[in-house]
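This report refers to the structure that appears directly beneath it.
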Amino acid sequence: MSSSIKTVGVAGAGGTMGAGIAIVAARAGFATIAYDVEAAALKRARRQTEGFLRKSVERGKLTSDELDRIVNNFVQSTDLTDLGSCDLVIEAVFEDLATKQKLFRTLHEVCPEKTILASNTSTLSITEIASGCGREDRVVGMHFCLPAQLMKLIELSPGLNTSEETFETARAWCEAAGQTPVRTQDRPGFILNALLVPFNNDVIRAIETGVASPADIDKAVKVGLGYKMGPCELLDLIGLDTQLRLCEAFFPITLDPRAAAPPLLRRMVAAGHLGRKAGRGFFRYEGNTMFGG
Amino acid sequence: MRYRIVQEGESRSFPNGDPLLDGASADGEAVLYLGASHVPDISKKAILVELGTECLGAHTGEGYGDEGSNVLGFARYRNGDDPPSNLIELVVQPNSDPAAIETARALFEKTGLEVVVSADQAGRILDRLLRPVYNAALRFLDEGLASAEAIDTTCRLGLGYPDGPIERVMRGGLAHHHDISKALFEAYGTAVFAPARRAVVAKQRAALRADLGGRRSEPAVEPGG
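Taken in sequence, the protein lines are chains B and A.
Going by our numbering, 263 is the number at position 263 of the first sequence; the sequence numbering is gapless.
Quick note: to get our numbering, add 1000 to the position in the second sequence (first position is 1).
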């Protein structure tokens, strides 16, 4: 699959998602510029990236030559103007509308006319992020899944002003990068979170109203539907605080009662039962061991 | 463990030829009622009533929130006409006999099934959680959020599901989905359970086909219809 894009920038590449997106781009042979305002975050991301790539070699997924090529494709920068040489810039910065709008306005000044700006937002409107940036027709939603370097899916969404040419160029790049893009409208949560966030809330409400225990709900989903992981284990993995943040992003926009944070979720977050990272959520954790599942 | 089966018609949980049917005795510590009205019998460790969309309380009656006995409900989860899964949803009431629950669990697990315990709520665990997802996915399709393939691909690749919601609900049958959703909507009264337009259409079409059956050639059958 060919792409007219040769150089890719990732803004917010010091974060977990941004670092993963940079790996996707560099691994596929694109010159990749990983930008972040924090040098320390970039340093940490570089360590994690090299660790991931070394493991890929150990597992036979990459050759040493390919690893060298990827590393040579990859530069880091804390200077935003370095993104001026990019054909595509993907932002994965903090999920805040004003922050993303400001970044895109600046990128419009820095980048040549042809450059496509993509947002990895999971909750915000692509049309709103693009609004006022100066190149609304060359902005597209490009939502990767975590961890981006392992997950093939990309939700690709045009804003109201995105040109079809921009969308098709972005689609071709996703495919050239070895990803699987799916087209969605620019709506809150696109497909994945629009289905998952309310479903997770329904699970929490079922626990709260005594329908079944977390362990039995997870078992029902795994045995009955063949899912690899139950919803309670998944919630513990992504973090109950993250689920609460998603609810608070979606509910005011959609007014969908299923997207409203259940009272039990708020209580668990207040109690510090945030999931795996806190050692306790719906289940208890010690190291990599889960108890009560 | 010895158990007796009282059956009327074919069971959705245990279709003809199922090992559980073959393992039944003339009498035993437990009695399974498949499609048949149960007879209370406190001499048994457990009386197990196969449920459809109704609650166990419809069979036992309910009091002031303190109901419960050796009579339990159950259903083996099944997506429409797909073969039954290995999952048994065991339905209990607030004061169900713990010994009856353990007897039921042992009976089902002995035949290789896996048991989860659910309160006596409409839809039990899975239908209560899944039907709103299917309704939402069908609505997204109508609204043009994405194609059916995109919705299913997103769930398979993004969430690791073995199948997507559209393919699953279509495979199970939209008319089947309509019937379960309608029962849940009547029980809970919340819009999330109201059958999606496509399910309503499938149900209407099934009724029309039945009506027109003898009067004209068989109409084309749509997927999931």
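The C-beta atom is built at its ideal place from N, Cα and C for all residues, glycine as well.
These figures come from a predicted structure and were not determined experimentally.
Problem set entry | Distance between Y1077/A and I207/B (C-alpha atoms, nearest Å) | If you number the first sequence from 1, residue 207/B lands on position 207. If you number the second sequence from 1, residue 1077/A lands on position 77. Rounded to whole angstroms, I207/B to Y1077/A spans 19 angstroms at the Cα level.
For this session: Using the Cα positions of L1072/A and K1044/A, report the straight-line distance between them to the nearest angstrom.
Result: Start at 1 with the first residue of the second sequence, and residue 1072/A comes out as number 72. Start at 1 with the first residue of the second sequence, and residue 1044/A comes out as number 44. So the two alpha carbons sit approximately 12 angstroms from each other.
Exercise. Roughly how many angstroms separate the alpha carbons of M1170/A and S1037/A, rounded to a whole number?
Worked result: Indexing the second sequence from 1 puts residue 1170/A at position 170. Indexing the second sequence from 1 puts residue 1037/A at position 37. Whole-angstrom Cα-Cα distance: 32 angstroms.
Exercise. Roughly how far, in whole angstroms, is the beta-carbon of I33/B from the beta-carbon of S77/B, given that I think they are within contact range, below 8 angstroms?
Worked result: As a first step, residue 33/B must be located in the first sequence, where it is residue number 33. As a first step, residue 77/B must be located in the first sequence, where it is residue number 77. Beta-carbon to beta-carbon, I33/B and S77/B are separated by about 6 angstroms, close enough to satisfy the 8 angstroms threshold.
Problem set entry | Own chain partners of T16/B with C-beta closer than 6 angstroms, once the 5 adjacent residues on each side are dropped | One-based indexing of the first sequence puts residue 16/B at position 16. Same-chain partners within the cutoff: there are none.
Problem set entry | Of the residues A148/B, I154/B, E165/B and N73/B, the one placed nearest R138/B, counting alpha carbons only | For this step, residue 138/B is matched to residue 138 along the first sequence. Taking each of A148/B, I154/B, E165/B and N73/B in turn and checking the Cα distance to R138/B, the smallest one comes out for E165/B.
Problem set entry | Endpoints, alpha helix (DSSP H) assigned at Q243/B | Along the first sequence, read from residue 1 onward, the residue named residue 243/B stands at position 243. Q243/B -> alpha helix (DSSP H) spans L240 to T254.
For this session: Confirm, please, whether the CB-CB distance from V1133/A to F199/B is below 7 angstroms.
Result: One-based indexing of the first sequence puts residue 199/B at position 199. One-based indexing of the second sequence puts residue 1133/A at position 133. Taking 7 angstroms as the Cβ cut-off, F199/B and V1133/A qualify as a contacting pair.
Problem set entry | Limits of the alpha helix (DSSP H) - the one that E175/B falls within | The count along the first sequence starts at 1 and reaches residue 175/B at position 175. First-last of the alpha helix (DSSP H) with E175/B: E164 to A176.
For this session: Run down chain B in chain order and give the residues with a C-beta less than 8 angstroms from the C-beta of E1114/A.
Result: Mapped onto the second sequence, residue 1114/A falls at position 114. Ordered by position in chain B, the residues that pass the 8 angstroms Cβ test against E1114/A are K219 and V223.
Problem set entry | Spatial neighbours of S1118/A in its chain, beta-carbon cut-off 6 angstroms, leaving aside the 5 residues before and after | Here residue 1118/A refers to the residue found at position 118 when the second sequence is read from its first residue. If we look at S1118/A and ignore the five residues flanking it on each side, its Cβ neighbours are E1089, V1091, R1124 and I1125.
For this session: Consider the Cβ of I191/B: report whether some Cβ of chain A lies at a distance smaller than 7 angstroms.
Result: Taking the first sequence and counting its residues from 1, one reaches residue 191/B at position 191. Taking CB atoms only, I191/B has a neighbour in chain A less than 7 angstroms away.
Exercise. DSSP on R1124/A, reduced to helix/strand/coil?
Worked result: Locating residue 1124/A in the second sequence gives position 124, counting from the first residue. The answer is coil: DSSP assigns R1124/A none of H, G, I, E or B.
For this session: Could you tell me the boundaries of the alpha helix (DSSP H) in which T123/B lies?
Result: Here residue 123/B refers to the residue found at position 123 when the first sequence is read from its first residue. Annotation: T123/B is outside any alpha helix (DSSP H) and is labelled neither H nor E by DSSP.
For this session: Could you list which residues in chain B have their beta carbon closer than 7 angstroms to that of Y1077/A, in chain order?
Result: Within the second sequence, numbered from 1, the residue matching residue 1077/A stands at position 77. Ordered by position in chain B, the residues that pass the 7 angstroms Cβ test against Y1077/A are G224.
For this session: Determine the DSSP secondary structure at G14/B, reduced to helix, strand or coil.
Result: Translated into the one-based positions of the first sequence, residue 14/B becomes position 14. The answer is coil: DSSP assigns G14/B none of H, G, I, E or B.
Exercise. When we look at the beta-carbon of R59/B and count the other beta-carbons within 10 Å, is it buried (16 or more) or exposed?
Worked result: Position 59 of the first sequence, counted from the start, is the residue given in the question as residue 59/B. Per the 10 Å Cβ criterion, exposed.
Exercise. The region 147 to 168 of chain B: which residues have C-beta closer than 8 angstroms to a C-beta of chain A, in chain order?
Worked result: Per Cβ criterion, the list reads M151, K152, L153 and E155.
Exercise. Since E1054/A meets chain B, which of its residues come closer than 7 angstroms, beta carbon to beta carbon?
Worked result: Translated into the one-based positions of the second sequence, residue 1054/A becomes position 54. Ordered by position in chain B, no residue passes the 7 angstroms Cβ test against E1054/A, which lies about 16 angstroms from the chain.
Problem set entry | Alpha-carbon spacing of A1150/A relative to I21/B, whole angstroms | Your numbering for residue 1150/A matches position 150 in the second sequence. Your numbering for residue 21/B matches position 21 in the first sequence. Note on geometry: alpha-carbon atoms of A1150/A and I21/B lie some 21 angstroms from one another.
Problem set entry | Q998/A (DSSP reduced to helix, strand or coil) | Only positions 1001 to 1225 of chain A appear in the structure, and residue 998/A is not among them; the question remains open.
Exercise. Cβ of V1091/A less than 7 angstroms from any chain B Cβ?
Worked result: Working through the second sequence from its first residue, we reach residue 1091/A at position 91. Chain B contact via Cβ: absent.
Exercise. Counting contacts by CB-CB distance shorter than 7 angstroms, is P1162/A in contact with chain B?
Worked result: Your numbering for residue 1162/A matches position 162 in the second sequence. P1162/A has a beta carbon lying within less than 7 angstroms of a beta carbon in chain B.
Exercise. In three-state terms, what does DSSP make of Q1093/A?
Worked result: By one-based count along the second sequence, residue 1093/A stands at place 93. In the structure shown, Q1093/A adopts coil according to DSSP, grouped into three states.
For this session: Below 9 angstroms between beta carbons is the criterion; list the residues of the region 1144 to 1158 of chain A that meet it against any residue of chain B, in chain order.
Result: Of all residues in the region 1144 to 1158 of chain A, G1144, L1145, A1146, S1147, E1149, A1150, I1151, T1153, T1154, C1155, R1156, L1157 and G1158 have a Cβ within less than 9 angstroms of some Cβ in chain B.
Exercise. Going by the beta-carbon positions, is the gap between G1164/A and C1155/A smaller than 7 angstroms?
Worked result: By 1-based counting over the second sequence, the position of residue 1164/A is 164. By 1-based counting over the second sequence, the position of residue 1155/A is 155. For G1164/A and C1155/A, yes; Cβs fall inside 7 angstroms.
Problem set entry | Min CB distance C145/B to chain A below 7 angstroms | As a first step, residue 145/B is located in the first sequence; it is residue number 145 there, counting from the start. Between C145/B and chain A, the shortest Cβ-Cβ separation is below 7 angstroms.
Exercise. Based on the DSSP secondary-structure assignment, which residues constitute the bridge partners of L88/B?
Worked result: One-based indexing of the first sequence puts residue 88/B at position 88. Per DSSP, the beta bridge partners of L88/B are V8/B and I116/B.
For this session: Drop a sphere of 10 angstroms on the beta-carbon of V294/B, count the other beta-carbons inside from all chains shown, and report buried for 16 or more, exposed for fewer.
Result: This structure gives no information on residue 294/B, because the portion of chain B shown stretches from 1 to 293.
Problem set entry | Beta-carbon contacts of L1051/A that lie in its chain and below 7 angstroms, excluding the five residues immediately before and after | Position 51 of the second sequence, counting from 1, holds the residue named residue 1051/A. Here the set comprises G1073, F1074, A1075 and V1091.
Exercise. Of all the beta strand (DSSP E) runs that stay within the bounds of the region 1006 to 1094 of chain A, which reach a length of 3 or more residues?
Worked result: Here the runs fully enclosed are 1030 to 1034, 1046 to 1050, 1071 to 1076 and 1087 to 1092.
For this session: List the DSSP bridge partners of G275/B.
Result: Indexing the first sequence from 1 puts residue 275/B at position 275. DSSP lists R280/B as the beta-bridge partner residues of G275/B.
Exercise. With DSSP run on the structure shown, which of helix, strand or coil describes T1190/A?
Worked result: Translated into the one-based positions of the second sequence, residue 1190/A becomes position 190. DSSP places T1190/A in coil when its eight states are reduced to three.
For this session: Give the interface partners of V1133/A over in chain B, defined as CB-CB distance under 7 angstroms, in chain order.
Result: To locate residue 1133/A, count along the second sequence from 1; it is residue 133. Ordered by position in chain B, the residues that pass the 7 angstroms Cβ test against V1133/A are L195 and F199.
For this session: Residues of the region 11 to 25 of chain B with a CB closer than 9 angstroms to any CB of chain A: list them in chain order, please.
Result: Cβ contacts with chain A come from no residue of the region 11 to 25 of chain B.
Problem set entry | Partners in chain A for V182/B, counting only beta-carbon separations shorter than 7 angstroms | Here residue 182/B is taken as the residue at index 182 of the first sequence, counted from 1. Correct list: A1146, A1150, T1153 and T1154.
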